[in-house]
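Number of protein chains: 2
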Amino acid sequence: MDAESAVVSPLPGALQARLAAARAAARALRRLDVATRRAVLHDAARRLVEQGGAVLAENAADLAAHDALGESGRGPAFRDRLLLDAARLGRMGEGLRQVAAMDDPVGEVVEARTLANGLRLRRVRSPLGVILLIFESRPDVAVEAFSLAFMAGNALVLRGGRESMHTTAALYRLLGEALAAHRVPDGALLGITDPDRGLTRALLADDRSIDVVVPRGGPGLIEFVVEHARMPVIKNDRGLCHVYVHDDADLAMAVSIVDNAKTQRPGVCNAMETLLVHRAVAARLLPALHERISGPARAAPVRWFADGEVRAALPGRPHVEPATEGSFDTEYLDLALSARVVPDLSAAIDHIERHGSRHSECIVTASDEAARRFQEEVDAACVYRNASTRFTDGFSLGLGGELGISTQKLHVRGPVGLQALTSVRWVFDGDGQCR
Amino acid sequence: MDAESAVVSPLPGALQARLAAARAAARALRRLDVATRRAVLHDAARRLVEQGGAVLAENAADLAAHDALGESGRGPAFRDRLLLDAARLGRMGEGLRQVAAMDDPVGEVVEARTLANGLRLRRVRSPLGVILLIFESRPDVAVEAFSLAFMAGNALVLRGGRESMHTTAALYRLLGEALAAHRVPDGALLGITDPDRGLTRALLADDRSIDVVVPRGGPGLIEFVVEHARMPVIKNDRGLCHVYVHDDADLAMAVSIVDNAKTQRPGVCNAMETLLVHRAVAARLLPALHERISGPARAAPVRWFADGEVRAALPGRPHVEPATEGSFDTEYLDLALSARVVPDLSAAIDHIERHGSRHSECIVTASDEAARRFQEEVDAACVYRNASTRFTDGFSLGLGGELGISTQKLHVRGPVGLQALTSVRWVFDGDGQCR
Numbered sequence: 003m004d005a006e007s008a009v010v011s012p013l014p015g016a017l018q019a020r021l022a023a024a025r026a027a028a029r030a031l032r033r034l035d036v037a038t039r040r041a042v043l044h045d046a047a048r049r050l051v052e053q054g055g056a057v058l059a060e061n062a063a064d065l066a067a068h069d070a071l072g073e074s075g076r077g078p079a080f081r082d083r084l085l086l087d088a089a090r091l092g093r094m095g096e097g098l099r100q101v102a103a104m105d106d107p108v109g110e111v112v113e114a115r116t117l118a119n120g121l122r123l124r125r126v127r128s129p130l131g132v133i134l135l136i137f138e139s140r141p142d143v144a145v146e147a148f149s150l151a152f153m154a155g156n157a158l159v160l161r162g163g164r165e166s167m168h169t170t171a172a173l174y175r176l177l178g179e180a181l182a183a184h185r186v187p188d189g190a191l192l193g194i195t196d197p198d199r200g201l202t203r204a205l206l207a208d209d210r211s212i213d214v215v216v217p218r219g220g221p222g223l224i225e226f227v228v229e230h231a232r233m234p235v236i237k238n239d240r241g242l243c244h245v246y247v248h249d250d251a252d253l254a255m256a257v258s259i260v261d262n263a264k265t266q267r268p269g270v271c272n273a274m275e276t277l278l279v280h281r282a283v284a285a286r287l288l289p290a291l292h293e294r295i296s297g298p299a300r301a302a303p304v305r306w307f308a309d310g311e312v313r314a315a316l317p318g319r320p321h322v323e324p325a326t327e328g329s330f331d332t333e334y335l336d337l338a339l340s341a342r343v344v345p346d347l348s349a350a351i352d353h354i355e356r357h358g359s360r361h362s363e364c365i366v367t368a369s370d371e372a373a374r375r376f377q378e379e380v381d382a383a384c385v386y387r388n389a390s391t392r393f394t395d396g397f398s399l400g401l402g403g404e405l406g407i408s409t410q411k412l413h414v415r416g417p418v419g420l421q422a423l424t425s426v427r428w429v430f431d432g433d434g435q436c437r
Numbered sequence: 003m004d005a006e007s008a009v010v011s012p013l014p015g016a017l018q019a020r021l022a023a024a025r026a027a028a029r030a031l032r033r034l035d036v037a038t039r040r041a042v043l044h045d046a047a048r049r050l051v052e053q054g055g056a057v058l059a060e061n062a063a064d065l066a067a068h069d070a071l072g073e074s075g076r077g078p079a080f081r082d083r084l085l086l087d088a089a090r091l092g093r094m095g096e097g098l099r100q101v102a103a104m105d106d107p108v109g110e111v112v113e114a115r116t117l118a119n120g121l122r123l124r125r126v127r128s129p130l131g132v133i134l135l136i137f138e139s140r141p142d143v144a145v146e147a148f149s150l151a152f153m154a155g156n157a158l159v160l161r162g163g164r165e166s167m168h169t170t171a172a173l174y175r176l177l178g179e180a181l182a183a184h185r186v187p188d189g190a191l192l193g194i195t196d197p198d199r200g201l202t203r204a205l206l207a208d209d210r211s212i213d214v215v216v217p218r219g220g221p222g223l224i225e226f227v228v229e230h231a232r233m234p235v236i237k238n239d240r241g242l243c244h245v246y247v248h249d250d251a252d253l254a255m256a257v258s259i260v261d262n263a264k265t266q267r268p269g270v271c272n273a274m275e276t277l278l279v280h281r282a283v284a285a286r287l288l289p290a291l292h293e294r295i296s297g298p299a300r301a302a303p304v305r306w307f308a309d310g311e312v313r314a315a316l317p318g319r320p321h322v323e324p325a326t327e328g329s330f331d332t333e334y335l336d337l338a339l340s341a342r343v344v345p346d347l348s349a350a351i352d353h354i355e356r357h358g359s360r361h362s363e364c365i366v367t368a369s370d371e372a373a374r375r376f377q378e379e380v381d382a383a384c385v386y387r388n389a390s391t392r393f394t395d396g397f398s399l400g401l402g403g404e405l406g407i408s409t410q411k412l413h414v415r416g417p418v419g420l421q422a423l424t425s426v427r428w429v430f431d432g433d434g435q436c437r
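Here the protein sequences line up with chains F and X, keeping their order. So in our numbering, the last spot in the first sequence is 437, and the numbers never skip. So in our numbering, the last spot in the second sequence is 437, and the numbers never skip.
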């Protein structure tokens with residue numbers, strides 16, 4: 003933080019007016035019936051089909067702008083995240099319909115009781131209000147976020163990356179039409195496509211208009227939001243996930259789980275980054291595992307950054323390098339892993355306590371006692387016994403999608419689904435009770 | 003915020019070591035059995051009786067330091083908050099025993115189900131970790147906060163006002179002895195009595211050591227914490243609470259509720275500040291209400307800051323002044339209120355939406371429909387029908403005390419009790435499931 007960044011420019015008047023409209027819409031949404039909310043989502047899904055060509059044309063403009071950058075562009079992985087096609091549009095529509103089919107979280111009575119003085123109280127699930135989502139360049143995030151925020155009765159402010167500006171503008175128009183068709187105030191969705199970066203800082207200062215901010219992107223974005231947001235943040239931080247193989251593990255199962263957690267989709271936050279192996283099984287497990295994920299049968303072998311004991315168990319094997327000081331704090335998001343031998347369960351838990359990001363952690367063991375200790379003592383959003391860390395996502399867990407994976411401890415841990423976009427109020431009915 | 007305040011001094015080495023001890027203690031507390039947690043709280047309650055004289059002697063030192071300031075001191079209300087006596091020590095001990103008697107929140111299974119792939123999942127309530135409470139000068143807050151944080155399995159860092167430094171130091175020693183007697187790591191309670199104000203800023207930057215911060219004090223403290231904290235904040239902001247009297251209200255009940263909400267303890271955040279009256283009942287309600295709370299029978303009459311219609315209903319009455327532009331945004335915390343006539347329920351809700359602080363709001367009405375609309379549309383932590391707003395506190399609602407009243411929407415709204423000091427993790431048991 004420096005002196006310059008401490009100066010927050012005011013929001014332009016037009017944006018202030020739209021934020022006021024978002025607040026007014028949030029108030030209207032609190033009492034919008036669930037049938038209308040579901041109808042809007044189905045309507046948006048239908049428009050995605052009908053207007054798919056127009057959306058893809060705008061997407062082509064974004065892709066062309068990216069491609070025009072040539073070598074100074076952000077690379078093929080980035081381009082792939084930007085890209086929409088008929089299949090991806092289809093999945094977006096399917097997502098809208100899935101969220102529309104979920105139970106309505108609004109109005110759920112979480113607890114009801116009567117106090118000794120006769121006061122009847124209910125704790126009632128209610129919308130959060132106005133949610134700001136700041137995301138990078140995957141345009142499908144806009145639709146998924148809208149579906150969840152709207153189904154939970156919230157107004158949503160979307161601030162996407164400039165690289166997908168044309169695509170998101172088309173999606174905002176389409177969603178706006180779906181809202182208008184059901185006479186929902188258009189403040190329910192405020193899509194900001196103005197590329198001025200100062201706007202983000204000004205939005206983060208406006209805790210009168212915005213109740214919660216959710217940043218979704220790389221470490222630079224997260225850091226910026228944590229530094230500057232005045233409203234509460236639902237933080238989706240990095241996933242430095244571990245698999246620990248205990249001395250009594252079914253080793254074939256361990257090989258499958260590590261393979262899946264590391265290689266099935268290495269670029270996502272719930273992929274494994276570090277392997278911890280109990281000393282007693284290192285010599286048996288490691289060669290078989292290396293054969294599976296780094297052997298000649300693999301077109302794309304996994305690179306190992308391994309401590310001395312791991313390397314000793316893999317003499318002469320390719321793709322194995324010494325771990326450095328920073329290896330165990332590295333989120334590769336790639337076909338690479340760190341590996342270390344540990345003397346016992348406690349050392350594994352210690353390692354995770356020191357290096358983990360509190361996202362998803364796994365123990366492979368046949369012992370109920372070891373699993374119980376690991377599950378109790380490891381401080382992470384999701385703790386697995388004998389299953390891949392890859393299940394940490396809103397669809398896998400039946401939440402109908404997610405706004406991200408929370409690695410903080412307040413409000414929500416793990417996938418941020420529909421319920422996490424609500425809060426619980428106290429509602430009282432009395433007969434004149436006083437203290 | 004200015005450039006100078008952007009420079010965060012590093013924490014002194016000794017404090018860094020104690021924060022590391024707090025983190026280690028938090029890990030040990032995750033698996034500390036509830037019987038030991040309860041025993042520590044009972045032990046502390048016993049020590050409060052046995053060592054009460056020593057605590058009161060230290061409190062006398064704080065009071066003497068305050069009194070020595072004479073006219074430049076912070077006044078009698080402040081002195082009263084600083085003061086401990088045998089009765090207050092007794093209530094602190096009673097509070098410890100009440101929290102010890104509560105159900106253990108740690109380990110509670112909030113949800114359990116099996117996914118289609120056979121993966122069994124449980125959502126399990128778990129401690130937050132290390133909580134930082136920053137409070138002003140009421141020393142009993144230290145004991146209440148410790149009881150709740152510890153019972154929920156958390157380590158607690160306490161940073162109190164310098165005016166109660168001797169008293170809190172004595173209480174920290176006493177609580178530390180109770181922990182030591184049951185072999186709980188002393189990092190479970192870190193009481194900071196060093197008066198250096200820069201420490202607070204450095205603590206707020208240390209989101210590696212501290213999971214959550216709870217500020218408890220005036221607007222200046224809250225603003226400082228919201229501005230500088232890198233970790234999530236549970237915000238206990240001001241209470242600008244309204245009572246709205248609808249056109250069909252039982253007027254005798256309305257008088258009782260307004261009297262209680264305004265005068266029973268005006269200095270607390272759940273007291274009423276603004277009265278809204280439906281036009282149809284203004285002429286009947288207001289004279290009777292004025293007689294009750296501002297009439298000659300009252301030794302300490304309530305002052306009114308009233309709009310023209312209210313004043314018209316109270317011709318010639320004493321203690322009635324015109325409301326100014328700022329009246330309806332004023333938290334008096336005193337025997338004063340703002341009053342306004344509104345044409346209907348919608349106008350009352352609009353007023354609360356614009357001026358309320360999302361704390362506690364009340365409607366007095368005989369109509370289920372009006373109550374339902376008010377309870378659905380008013381966006382506050384606690385919404386009452388026909389009962390005083392004074393019930394918004396942890397003891398009244400059976401939470402065994404509270405760390406404050408949250409007016410934000412994330413994590414917890416209303417009284418911050420035992421459950422709000424936990425988070426919910428996902429725990430999975432599989433048989434080798436992969437994606």
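For glycine and all other residues, C-beta sits at the position ideal for the given N, C-alpha and C.
What is the DSSP secondary structure of A8(F), reduced to helix, strand or coil? With a pLDDT of only 46 at A8(F), under the threshold of 50, the placement of this residue in the model should not be trusted, and no figure is reported.
Quick check: M104(F) and G402(F), are their CB atoms within less than 7 angstroms of each other? Cβ atoms of M104(F) and G402(F): closer than 7 angstroms.
At a CB distance below 8 angstroms, what residues from the region 141 to 170 of chain F approach chain X? Give them in sequence order. Residues of the region 141 to 170 of chain F with a C-beta atom less than 8 angstroms from some C-beta of chain X do not occur.
Inter-stretch contact (C-beta, 8 angstroms, three-pair minimum) for the region 345 to 357 of chain F and the region 213 to 230 of chain F: Under the Cβ criterion (8 angstroms, minimum of three pairs), the region 345 to 357 of chain F does not count as touching the region 213 to 230 of chain F.
Use the C-beta contact count for D69(X): other C-beta atoms within 10 angstroms, 16 or more gives buried, fewer gives exposed. Around the beta-carbon of D69(X), fewer than 16 other beta-carbon atoms lie within 10 Å, marking it exposed.
Of the residues R356(F), K411(F), I259(F), the one placed nearest D433(X), counting alpha carbons only: Sorting R356(F), K411(F), I259(F) by C-alpha distance to the C-alpha of D433(X) places I259(F) at the top.
Let's test the definition: count the other Cβ atoms within 10 Å of the Cβ of N119(X) and tell me whether it reaches 16, buried, or not, exposed. The residue is exposed, with fewer than 16 neighbouring Cβ atoms inside 10 Å.
Same chain, Cβ closer than 7 angstroms to R127(X), neighbours up to 5 away in sequence not counted: Excluding positions up to five away in sequence, the list reads P107, V108, G109, E110, V112, T424, V426.
What does a CB cutoff of less than 6 angstroms around G200(X) pick up in its chain, not counting 5 residues either side in sequence? If the five residues before and after G200(X) are omitted, its C-beta is found closer than 6 angstroms to the C-beta atoms of S11, all from its own chain and listed in chain order.
State yes or no: is the beta carbon of F430(F) nearer than 7 angstroms to at least one beta carbon in chain X? With 7 angstroms as the cut-off, F430(F) counts as an interface residue toward chain X.
Best match in D252(X), L277(X), P14(X), D336(X) for proximity to Q266(X) [C-alpha to C-alpha]: Nearest option by C-alpha distance: D336(X).
Could you tell me which residues DSSP puts in a beta bridge with S425(X)? DSSP lists S128(X) as the beta-bridge partner residues of S425(X).
Please state if the CB of A46(F) and the CB of A180(F) are separated by a distance shorter than 7 angstroms. Yes, the pair counts as a contact, with Cβ atoms nearer than the cut-off.
Range covered by the alpha helix (DSSP H) that runs through I224(F): Start and end: 221 to 230.
Closest to E404(F) by C-alpha separation, out of G77(F), A19(F), R93(F), V143(F), would be which residue? Comparing Cα-Cα distances from E404(F) to each of G77(F), A19(F), R93(F), V143(F), the minimum goes to V143(F).
Spatial neighbours of A66(X) within its chain, please: CB distance less than 8 angstroms, with the 5 preceding and 5 following residues excluded, ordered by chain position. Exclusion of the five residues before and after A66(X) leaves no residue of its chain whose Cβ lies closer than 8 angstroms to its Cβ.
Figure out for me which residue from A59(F), A114(F), Q100(F), V429(F) has the closest Cα to the Cα of D87(F). Of the candidates A59(F), A114(F), Q100(F), V429(F), the one whose C-alpha sits nearest the C-alpha of D87(F) is A59(F).
Measure the alpha-carbon distance for A102(X) versus M153(X) and round it to whole angstroms. Using only the alpha carbons, I get a separation of about 7 angstroms.
Roughly how many angstroms separate the alpha carbons of R125(X) and G419(X), rounded to a whole number? A straight-line Cα-Cα distance of about 20 angstroms links R125(X) and G419(X).
Leaving out five residues before and five after E333(F) in sequence, what residues of the same chain have Cβ atoms less than 6 angstroms from its Cβ? R240, L242, E275, listed in sequence order.
Could you confirm whether any beta carbon from chain X is found closer than 7 angstroms to the beta carbon of L21(F)? With 7 angstroms as the cut-off, L21(F) does not count as an interface residue toward chain X.
For D4(X), count the other beta carbons within 10 Å of its own beta carbon; 16 or more makes it buried, fewer makes it exposed. Which is it? For D4(X), the predicted model reports a pLDDT of 39, less than 50, meaning its position is unreliable and no value from the coordinates is stated.
Is the Cβ of Q266(X) closer than 7 angstroms to any Cβ of chain F? Cβ-Cβ to chain F under 7 angstroms: yes for Q266(X).
With a floor of 3 residues, list each beta strand (DSSP E) that falls wholly inside the region 233 to 305 of chain F, ordered by position along the chain. Complete beta strand (DSSP E) runs here, min 3: 243 to 247, 274 to 280.
By Cβ distance, which residues of its chain are closer than 6 angstroms to N272(F), with the 5 residues on each side in sequence left out? Apart from sequence neighbours up to five positions away, the residues of its chain that approach N272(F) with a beta-carbon distance below 6 angstroms are G241, S362, T391, R392, T394, ordered along the chain.
L117(F) (DSSP reduced to helix, strand or coil): Coil at L117(F), not helix or strand.
Just verifying my parser: in three-state terms, what is the DSSP assignment at Y334(X)? Y334(X): coil per DSSP, three-state reduction.
Going by C-alpha to C-alpha distance, which of D381(F), G15(F), I295(F), T367(F) sits closest to R356(F)? In terms of Cα proximity to R356(F), the closest of D381(F), G15(F), I295(F), T367(F) is D381(F).
Considering only the beta carbon of each residue, do R161(F) and P197(F) sit closer than 7 angstroms? No, Cβ-Cβ distance for R161(F) and P197(F) is not below 7 angstroms.
C-beta neighbour in chain X for L130(F), strict 7 angstroms: Taking 7 angstroms as the CB threshold, L130(F) lines the interface with chain X.
Just to confirm, are A282(F) and D249(F) a CB contact at a threshold of 7 angstroms? Contact: yes.
Using 8 angstroms as the threshold, is the region 176 to 195 of chain F in touch with the region 35 to 43 of chain F, meaning 3 or more CB pairs across them? By the Cβ rule, the region 176 to 195 of chain F counts as touching the region 35 to 43 of chain F, because three or more pairs are nearer than 8 angstroms.
Cα-Cα, which of Q421(F), H353(F), L253(F) is closest to A368(F)? Among Q421(F), H353(F), L253(F), the Cα nearest to that of A368(F) belongs to L253(F).
When V57(X), E323(X), A147(X) are compared against M167(X), the one with the closest alpha-carbon: For the residues V57(X), E323(X), A147(X), the minimum Cα distance to M167(X) belongs to V57(X).
Quick one: any contact between the region 372 to 379 of chain X and the region 304 to 314 of chain X, if contact means 3 or more CB pairs under 8 angstroms? Taking one beta carbon from each stretch, the region 372 to 379 of chain X and the region 304 to 314 of chain X have fewer than 3 pairs nearer than 8 angstroms; the two do not touch.
Cutoff 7 angstroms: E389(X) Cβ touching any chain F Cβ: Going by the sequence as given, residue 389(X) is Ala instead of Glu. With 7 angstroms as the cut-off, A389(X) counts as an interface residue toward chain F.
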